[in-house]
Amino acid sequence: MGRFESPGGADRMRRFARALSADPVETLLYLPEELSRHREHPVAYDVDTAWEEHLHDLLGAPWPCPEAPHAAELWGSVEQELHDRGLAFGRHTYGGYSDADESLARAVRCVVLHRHAEVVVETGVARGVISRYVLEALEQNGRGHLWSIDLPHPFRPGLHPETGAAVPTRQRRAWSYIEGSSRRRLPRLGRQLGRVDVFVHDSLHTARNTRFEMDRIGRILAPDGVMLIDDISTHQGFALWTRAATGVTSLVCPSADGEGLFGVVCASGA
Ligand SMILES: C[S@@+](CC[C@H](N)C(=O)[O-])C[C@H]1O[C@@H](n2cnc3c(N)ncnc32)[C@H](O)[C@@H]1O
């Protein structure tokens with residue numbers, strides 16, 4: 325969750341210049357995203373406080389969910405493992421971004437488990453909390469693969485060694501990490517895969533980037549596919565996309581700490 329932090333003018337320029345010389349293509353692709361923020365506005369959504377039950381309804385899965393205790397255990401393990409390695413965990417601990425929210429992680433796990441998803445794509449990895457939740461669910465189902473597109477934080481190279489830290493070695497066989505921005509990498513991955521069962525957006529949370537990713541995945545979303553889109557409250561991207569879409573059902577869900585919102589889109593067959 326979150327956005328690149330906004331340090332003061334001189335510091336910001338220095339970081340930008342460093343990023344530009346390290347990766348001119350990605351840094352220049354980022355500029356229109358930054359400019360697009362001037363046109364963003366928050367959306368007053370109708371938040372569904374019973375979202376978890378309604379999501380299970382849409383998935384045709386039992387409620388209360390028998391998987392709930394395992395999700396809570398997994399959260400504790402991830403937190404402990406990162407702590408043991410001396411890594412931070414939580415909101416705003418990743419250069420202005422945050423590790424995944426617990427409610428989003430739980431929703432993602434249930435969708436992958438209950439849908440028996442085989443083709444899962446995510447954008448935005450950071451320490452890899454959502455990646456871990458997806459890979460645990462795929463392992464439990466005994467099949468499936470996760471493709472994760474991630475642009476390591478352009479302005480904080482010191483964080484790069486932490487990328488995917490929550491994903492254990494044994495689970496990496498079912499994981500393809502693709503480095504680069506979603507603007508650059510998603511179109512080709514979409515063409516290669518041809519179908520996506522579950523998509524998770526947790527990369528750059530601008531309206532422009534969110535709609536771009538939803539458009540790209542929307543074209544190849546399986547008839548019973550599901551998209552989970554993080555951090556939708558600060559811009560209009562999710563609202564505009566869902567308003568224009570046909571044959572989908574959407575939910576707006578509160579984050580575990582109540583600070584943000586995430587959205588779920590289920591294709592009509594879901
Ligand atoms: C909110 S964090 C992701 C948190 C993660 N999903 C988790 O489970 O904890 C956002 C991540 O997206 C990366 N990122 C930023 N812009 C991106 C872009 N345009 N495309 C792909 N990844 C991007 C950031 O560097 C960071 O690693």
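Sequential numbering from 325 applies to the sequence shown in the numbering used here. We put the CB at the ideal spot given by N, CA and C, even for glycine.
1. To the nearest angstrom, how far is the alpha carbon of alanine 450 from that of proline 386?
2. Going straight from the alpha carbon of alanine 334 to that of histidine 394, what length do you get?
3. CB of alanine 424 to nearest heavy atom of ligand 1: below 7 Å?
4. Which residue from Tyr421, Arg439, Arg339, Leu470 puts its Cα closest to that of aspartate 555?
5. Report, in whole angstroms, the separation of the C-beta atoms of serine 592 and serine 427, which I expect to be a contact under 8 Å.
6. Bridge partners for leucine 575 per DSSP, in chain order?
7. Give the range of the alpha helix (DSSP H) segment to which valine 445 is assigned.
8. I'd like to confirm the pairing. Which residues does DSSP put opposite isoleucine 502 in its beta bridges?
9. Using the C-alpha atoms, what's the distance from glutamate 486 back to arginine 480?
10. With distance defined between alpha-carbon atoms, name the residue in Ser345, Arg512, Trp471 nearest to arginine 497.
11. So, do the stretch 372-380 and the stretch 563-570 have three or more beta carbon pairs nearer to each other than 8 Å?
12. For histidine 477, which residues of its own chain have a beta-carbon under 6 Å away from its beta-carbon, when the five flanking residues on both sides are left out?
13. State the CB to CB distance for the pair isoleucine 541 and glycine 504, rounded to an integer number of angstroms; the pair is presumed to be in contact (CB under 8 Å).
14. Could you check what DSSP says for aspartate 381 in three-state terms: helix, strand or coil?
15. Using only the alpha-carbon positions, how far apart do threonine 351 and arginine 361 sit?
16. Quick check: what's the CA-CA separation for arginine 512 versus phenylalanine 586?
17. Quick check on the DSSP output: the beta strand (DSSP E) that includes alanine 546 runs from which residue to which?
18. Could you give the first and the last residue of the continuous alpha helix (DSSP H) run that contains aspartate 539?
19. Considering only the beta carbon of each residue, do alanine 489 and leucine 406 sit closer than 8 Å?
20. Can you give the Cα-Cα distance for arginine 342 and serine 500, rounded to whole angstroms?
21. Looking at the unbroken alpha helix (DSSP H) that takes in phenylalanine 523, where does it start and where does it end?
22. Opposite tyrosine 317 in the DSSP bridges: which residues?
23. Under 8 Å, do valine 589 and valine 522 count as touching if we go by C-beta distance?
24. Determine the direct distance from the alpha carbon of aspartate 423 to that of valine 432, and round the result to whole angstroms.
Taking the definition as stated:
1. Approximately 32 Å between the Cα atoms of the pair.
2. Answer to the nearest angstrom: the Cα atoms are 47 Å apart.
3. For ligand 1, at least one heavy atom lies less than 7 Å from the Cβ of alanine 424.
4. Comparing Cα-Cα distances from aspartate 555 to each of Tyr421, Arg439, Arg339, Leu470, the minimum goes to Tyr421.
5. A Cβ-Cβ separation of about 25 Å leaves serine 592 out of contact with serine 427 under the 8 Å criterion.
6. Leucine 575 pairs with Val588.
7. Per DSSP, valine 445 belongs to no alpha helix (DSSP H); it is in the beta strand (DSSP E), 443-447.
8. Under DSSP, isoleucine 502 forms a beta bridge with Ile473.
9. Using only the alpha carbons, I get a separation of about 11 Å.
10. Checked all of Ser345, Arg512, Trp471; the closest Cα to arginine 497 is Trp471.
11. With contact defined as three or more Cβ pairs closer than 8 Å, the stretch 372-380 and the stretch 563-570 are not in contact.
12. Excluding residues up to 5 positions away in sequence, Gly419, Leu483 lie with their Cβ nearer than 6 Å to the Cβ of histidine 477 in the same chain.
13. Contact between isoleucine 541 and glycine 504 is ruled out by a C-beta separation of about 16 Å, above the 8 Å threshold.
14. If DSSP states are grouped into helix, strand and coil, aspartate 381 belongs with the helices.
15. When rounded, the distance between both Cα atoms is 16 Å.
16. If I take the Cα positions, the gap works out to 26 Å.
17. Per DSSP, alanine 546 is one residue of the beta strand (DSSP E) stretching across 545-554.
18. First-last of the alpha helix (DSSP H) with aspartate 539: 531-542.
19. If you check the CB distance, alanine 489 and leucine 406 come in under 8 Å.
20. Taking the straight line joining both Cα atoms gives about 28 Å.
21. Looking at the DSSP string, phenylalanine 523 is not in any alpha helix (DSSP H); the run it does join, the beta strand (DSSP E), is 520-525.
22. Given a span of 325 to 594 for the chain in the structure shown, any question on residue 317 remains unanswerable.
23. Result no, Cβ atoms of valine 589 and valine 522 do not sit closer than 8 Å.
24. Taking the straight line joining both Cα atoms gives about 14 Å.
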